[in-house]
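Residue numbers (my numbering): 143 to 262.
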């Protein structure tokens, strides 16, 4: 799993990014195009799995952009608590999951309980 974190800045109408603790850099006329270039640059360094990205503006002219390659299968990877600490390589899928707690079925209130009907 590869995690690439970039510091993004807009200077003179051009967006520039430099990898935090790394060598990757890119520039583009828009932040959207810059994000696409950064994902491609990260993929050229590590193409071991799926890609997730996160763009977080800090000010109108700066942001943090993160590209995550490989790892879990999306948001569901963290459900259950044990998946977040599982070793890489798909071992989380073979681990035994703790038994799920039974949910008590909640009874929904009916419209009859209001004392009037919508169609009266």
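Here a beta-carbon is modelled for each residue, glycine too, at the ideal position from N, C-alpha and C.
Every value quoted in this text rests on a predicted model; they were computed, and no experiment measured them.
Cβ pair residue i, residue j closer than 7 Å
i	j	result
residue 154	residue 188	no
residue 204	residue 160	no
residue 191	residue 210	no
Span separating the alpha-carbon of residue i from that of residue j
i	j	result
residue 198	residue 180	14 Å
residue 173	residue 261	54 Å
residue 213	residue 170	28 Å
residue 229	residue 177	Because the pLDDT at residue 229 is just 49, under 50, the model does not fix this residue reliably, and the value given afterwards should be weighed accordingly. So the alpha carbons of these two residues sit roughly 29 Å apart.
residue 227	residue 208	Its pLDDT being 47, under 50, residue 227 is placed unreliably by the model, and the measurement read from it follows with that caveat. Distance between the alpha carbons of residue 227 and residue 208: 21 Å.
residue 157	residue 147	16 Å
residue 206	residue 162	10 Å
residue 195	residue 167	16 Å
residue 201	residue 149	12 Å
residue 164	residue 184	11 Å
Counted within 10 angstroms of its Cβ, other Cβ atoms place residue i as buried (16 or more) or exposed
i	result
residue 182	exposed
Every unbroken alpha helix (DSSP H) inside the stretch 143-226 [4 residues or more]: Runs found: 173-187.
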